[in-house]
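First the structure, in the form of structure tokens, and then the observations on it.
There are 2 protein chains.
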Amino acid sequence: MTKEQFIQGISNGDIKTLSKAITLAESSIASKQELALQIIEHFGPQKNTFRIGITGSPGVGKSTFIEAVGSRMAGNKKEKIAVLSIDPSSAISQGSILGDKTRMNQLSSLENVYIRPSASGNQLGGIAKNTRMAMLLCEAAGYTTIIIESVGVGQSETEISKLTDLFVLLLNPGGGDELQGIKRGIMEMADIVVVNKHDGDQKRLAEITAKEYSLALHLKLKNKNSWTPKVLVSSSLYLTGIDSFLEKCSDFNNHIHDQWKKVVRKEQMKYWTKKNIEYLLMSKIDGYEEQINQDIDSGILPERSARNILE
Amino acid sequence: MTKEQFIQGISNGDIKTLSKAITLAESSIASKQELALQIIEHFGPQKNTFRIGITGSPGVGKSTFIEAVGSRMAGNKKEKIAVLSIDPSSAISQGSILGDKTRMNQLSSLENVYIRPSASGNQLGGIAKNTRMAMLLCEAAGYTTIIIESVGVGQSETEISKLTDLFVLLLNPGGGDELQGIKRGIMEMADIVVVNKHDGDQKRLAEITAKEYSLALHLKLKNKNSWTPKVLVSSSLYLTGIDSFLEKCSDFNNHIHDQWKKVVRKEQMKYWTKKNIEYLLMSKIDGYEEQINQDIDSGILPERSARNILE
Chain B
13 MTKEQFIQGI SNGDIKTLSK AITLAESSIA SKQELALQII EHFGPQKNTF RIGITGSPGV
73 GKSTFIEAVG SRMAGNKKEK IAVLSIDPSS AISQGSILGD KTRMNQLSSL ENVYIRPSAS
133 GNQLGGIAKN TRMAMLLCEA AGYTTIIIES VGVGQSETEI SKLTDLFVLL LNPGGGDELQ
193 GIKRGIMEMA DIVVVNKHDG DQKRLAEITA KEYSLALHLK LKNKNSWTPK VLVSSSLYLT
253 GIDSFLEKCS DFNNHIHDQW KKVVRKEQMK YWTKKNIEYL LMSKIDGYEE QINQDIDSGI
313 LPERSARNIL E
Chain U
13 MTKEQFIQGI SNGDIKTLSK AITLAESSIA SKQELALQII EHFGPQKNTF RIGITGSPGV
73 GKSTFIEAVG SRMAGNKKEK IAVLSIDPSS AISQGSILGD KTRMNQLSSL ENVYIRPSAS
133 GNQLGGIAKN TRMAMLLCEA AGYTTIIIES VGVGQSETEI SKLTDLFVLL LNPGGGDELQ
193 GIKRGIMEMA DIVVVNKHDG DQKRLAEITA KEYSLALHLK LKNKNSWTPK VLVSSSLYLT
253 GIDSFLEKCS DFNNHIHDQW KKVVRKEQMK YWTKKNIEYL LMSKIDGYEE QINQDIDSGI
313 LPERSARNIL E
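Those sequence lines, one after another, are chains B and U.
Each residue of the first sequence is one higher than the last, beginning at 13 in the numbering used here.
Each residue of the second sequence is one higher than the last, beginning at 13 in the numbering used here.
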């Protein structure tokens with residue numbers, strides 16, 4: 013496909029073309045990435061898009077929650093919703109040991125919804141690099157709300173918060189140790205905290221947990237968006253708490269307004285420039301494989317070998 | 013302190029000198045890192061050390077488990093045990109929102125035990141970079157067993173597995189979703205899986221969980237060490253399962269034998285050379301701050317700006 017065909021297809025909101033363009037962006041071949049980049053540059057920045065990052069530990073129910081939220085959003089036919097799901101590939105095997113369940117069936121059947129699982133090819137900070145380009149392509153294709161889902165691991169939360177306007181943290185019910193042990197820095201990034209599984213046996217526990225987080229968060233000043241993080245409960249099972257979540261999203265979107273969003277996105281772009289430099293530099297290290305092997309075989313320390321190679 | 017004083021102190025097993033040397037290794041000042049490197053190079057590789065990596069989600073009870081295991085190990089007075097604890101600093105604040113409990117009090121009071129919490133200064137893959145140097149310094153000071161503890165986030169597990177001979181994964185009791193949702197690739201790295209909290213209400217659940225993981229792991233072939241991962245239960249509270257854990261550690265150490273350990277460690281060193289190159293390259297990006305700002309302000313995409321800067 014030519015660049016013009018891509019542009020034509022994406023302008024028409026053609027999902028197959030969009031998917032192919034994202035595949036270009038995810039490619040490790042420089043010329044394909046370049047083509048994807050040119051397509052994005054053609055469209056330029058899109059106005060009035062809303063980018064939501066949703067993260068949480070494995071098992072917290074992200075997919076079900078997004079299915080519920082996305083379906084509700086898609087009820088407004090003027091909205092087009094894209095869900096990009098970042099899935100850190102295994103360093104050794106390519107899959108989970110017990111296989112993956114089929115996800116977000118209902119949501120993916122809706123006409124104004126596009127779902128794209130985005131494998132992270134590169135371990136070196138590249139988790140969300142391609143996701144940014146995928147997001148821009150979705151926006152070019154007219155998607156107004158972009159939901160980026162990420163499993164709650166390591167840097168990926170930081171990266172998701174650098175990609176999105178609104179950062180949502182999903183939690184399991186349960187206080188005590190968990191409140192104590194929560195990964196540092198993640199809480200500070202959240203604009204909305206949702207304690208999920210507010211149902212069945214865990215209903216009361218979810219409420220207690222929400223209360224505790226709410227108190228803890230109110231001890232802090234407003235976050236980077238001059239916004240006091242909101243803490244909610246929800247049940248993706250019984251679809252409770254979804255409306256009030258959407259309300260808070262909308263409040264947040266009004267709160268940050270376009271001017272501030274522009275400022276924040278600019279800051280984010282500076283971050284991504286560095287990430288991209290990093291990524292491109294990393295891909296050059298491969299050329300030194302033999303030198304590295306020789307150094308290590310002759311008993312030179314890794315820290316010394318690295319210094320020598322760079323000199 | 014001069015290089016000679018450091019070497020003298022470390023040779024004598026002086027803990028204060030060791031701590032100062034690790035601080036050098038953790039420094040962001042090149043000359044200090046260089047000094048640490050020279051000290052390590054002076055001592056060269058140590059024989060008969062055993063490196064154990066222990067990881068698990070926040071709240072799983074890593075510290076209590078290590079306290080129990082370390083104390084038991086330290087009962088053998090011929091052994092010297094060092095515990096290095098990797099603690100990913102917050103990207104925003106420097107601490108957890110509810111503060112940190114004092115950890116491993118009992119263990120730290122033992123004479124043949126050295127405990128060092130190692131903050132990860134750099135986000136870009138540098139999580140365990142300094143830990144490697146800290147580990148080598150501990151080995152130089154005569155520590156024979158090095159336990160590296162890491163909170164179970166993102167890349168840190170991969171990195172811990174690249175630092176150690178034996179990789180231990182601590183899990184909470186609980187199957188179903190959790191078994192489903194476990195982070196991909198981590199299970200495949202484990203040599204020993206310990207289901208903790210095998211006590212009180214959770215005793216039976218811990219057993220069921222261990223059974224499930226055991227079945228799942230036996231569906232797989234032997235791992236990279238030609239070793240079938242072992243699954244155990246333990247209670248750090250009642251100190252059960254600690255002896256059988258130590259037994260498995262010893263079985264594993266006999267299984268891998270010195271020749272294979274040497275091969276694995278060489279492979280690991282190649283990994284760390286690349287990591288170090290990465291880290292050193294990253295520190296150069298800072299010089300392009302202004303160029304990046306200019307590009308973004310004039311509407312150039314991050315992906316384009318990165319390419320331009322590298323050219």
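Yeah, the Cβ is synthetic: ideal placement off N, Cα and C, and Gly gets one too.
Remember, predicted model here, so these are calculated numbers, not experimental data.
Residue i versus residue j: straight-line alpha-carbon distance, rounded
{"i": "residue 76 of chain U", "j": "residue 260 of chain U", "result": "19 Å"}
{"i": "residue 124 of chain B", "j": "residue 89 of chain B", "result": "7 Å"}
{"i": "residue 198 of chain B", "j": "residue 20 of chain U", "result": "43 Å"}
{"i": "residue 150 of chain B", "j": "residue 323 of chain U", "result": "29 Å"}
{"i": "residue 290 of chain B", "j": "residue 157 of chain B", "result": "29 Å"}
{"i": "residue 215 of chain U", "j": "residue 277 of chain U", "result": "37 Å"}
{"i": "residue 61 of chain B", "j": "residue 13 of chain U", "result": "58 Å"}
{"i": "residue 65 of chain B", "j": "residue 28 of chain U", "result": "45 Å"}
{"i": "residue 142 of chain B", "j": "residue 288 of chain B", "result": "10 Å"}
{"i": "residue 200 of chain U", "j": "residue 174 of chain U", "result": "13 Å"}
{"i": "residue 155 of chain B", "j": "residue 299 of chain U", "result": "37 Å"}
{"i": "residue 59 of chain B", "j": "residue 268 of chain B", "result": "14 Å"}
{"i": "residue 101 of chain B", "j": "residue 237 of chain B", "result": "Because the pLDDT of residue 101 of chain B is 44, which lies under 50, any placement of that residue in the model is unreliable, and the number read from its coordinates should be weighed accordingly. Roughly 32 Å between the two C-alpha positions."}
{"i": "residue 256 of chain B", "j": "residue 38 of chain B", "result": "35 Å"}
{"i": "residue 228 of chain U", "j": "residue 321 of chain U", "result": "48 Å"}
{"i": "residue 307 of chain U", "j": "residue 318 of chain U", "result": "9 Å"}
{"i": "residue 35 of chain U", "j": "residue 292 of chain U", "result": "18 Å"}
{"i": "residue 240 of chain B", "j": "residue 220 of chain B", "result": "19 Å"}
{"i": "residue 63 of chain B", "j": "residue 43 of chain B", "result": "28 Å"}
{"i": "residue 46 of chain U", "j": "residue 211 of chain B", "result": "57 Å"}
{"i": "residue 18 of chain B", "j": "residue 33 of chain B", "result": "7 Å"}
{"i": "residue 275 of chain B", "j": "residue 159 of chain B", "result": "20 Å"}
{"i": "residue 264 of chain U", "j": "residue 230 of chain B", "result": "49 Å"}
{"i": "residue 224 of chain B", "j": "residue 118 of chain B", "result": "33 Å"}
{"i": "residue 301 of chain B", "j": "residue 294 of chain B", "result": "12 Å"}
{"i": "residue 213 of chain B", "j": "residue 86 of chain U", "result": "43 Å"}
{"i": "residue 250 of chain B", "j": "residue 41 of chain U", "result": "55 Å"}
{"i": "residue 252 of chain B", "j": "residue 49 of chain U", "result": "57 Å"}
{"i": "residue 303 of chain B", "j": "residue 272 of chain U", "result": "23 Å"}
{"i": "residue 54 of chain B", "j": "residue 91 of chain B", "result": "23 Å"}
{"i": "residue 120 of chain U", "j": "residue 266 of chain U", "result": "28 Å"}
{"i": "residue 136 of chain U", "j": "residue 116 of chain U", "result": "Caution is warranted here: a pLDDT of 38 is assigned to residue 136 of chain U, below 50, making its placement in the model unreliable, and no coordinate value can be reported."}
Whether residue i touches residue j by CB criterion (8 Å)
{"i": "residue 209 of chain U", "j": "residue 218 of chain U", "result": "yes"}
{"i": "residue 207 of chain B", "j": "residue 185 of chain B", "result": "yes"}
{"i": "residue 297 of chain B", "j": "residue 286 of chain U", "result": "yes"}
{"i": "residue 78 of chain U", "j": "residue 161 of chain U", "result": "yes"}
{"i": "residue 3 of chain U", "j": "residue 203 of chain U", "result": "What is shown of chain U runs 13 to 323, which leaves residue 3 of chain U out entirely."}
{"i": "residue 56 of chain U", "j": "residue 153 of chain U", "result": "no"}
{"i": "residue 70 of chain U", "j": "residue 97 of chain U", "result": "no"}
Residue of the options minimising C-alpha distance to residue i
{"i": "residue 22 of chain U", "options": "U:120, U:63, U:148, U:84", "result": "U:148"}
{"i": "residue 254 of chain B", "options": "B:315, B:52, B:84, B:240", "result": "B:84"}
{"i": "residue 10 of chain U", "options": "U:81, U:282, U:145, U:298", "result": "Residue 10 of chain U falls outside the range modelled here, since chain U spans only 13 to 323, and no answer is possible."}
{"i": "residue 16 of chain B", "options": "B:183, B:41, B:52", "result": "B:52"}
{"i": "residue 73 of chain U", "options": "U:280, U:301, U:245, U:320", "result": "U:245"}
{"i": "residue 316 of chain U", "options": "B:314, B:281, B:319", "result": "B:281"}
{"i": "residue 168 of chain B", "options": "B:203, B:309, B:68", "result": "B:68"}
{"i": "residue 283 of chain B", "options": "U:314, U:251, U:264, U:93", "result": "U:314"}
{"i": "residue 94 of chain B", "options": "B:127, B:119, B:71, B:120", "result": "B:127"}
{"i": "residue 145 of chain U", "options": "U:31, U:273, U:25", "result": "U:31"}
{"i": "residue 177 of chain B", "options": "B:41, B:50, B:120, B:262", "result": "B:262"}
{"i": "residue 258 of chain B", "options": "B:180, B:250, B:305, B:304", "result": "B:180"}
{"i": "residue 309 of chain B", "options": "U:279, U:309, U:129", "result": "U:279"}
{"i": "residue 243 of chain B", "options": "B:249, B:226, B:213, B:273", "result": "B:226"}
{"i": "residue 182 of chain B", "options": "B:248, B:120, B:213", "result": "B:248"}
Neighbour flag for residue i against chain A, beta carbons, 8 Å
{"i": "residue 318 of chain B", "result": "The structure shown contains no chain A; the protein chains it does contain are B and U."}
Going along the chain, which unbroken runs of the beta strand (DSSP E) with 3 or more residues stay wholly within the region 198–282 of chain U? 204–207, 242–245
Practice task
Entirely within the region 21–75 of chain U and at least 4 residues each: give me those alpha helix (DSSP H) ranges in chain order.
Solution key: 27–38, 42–55
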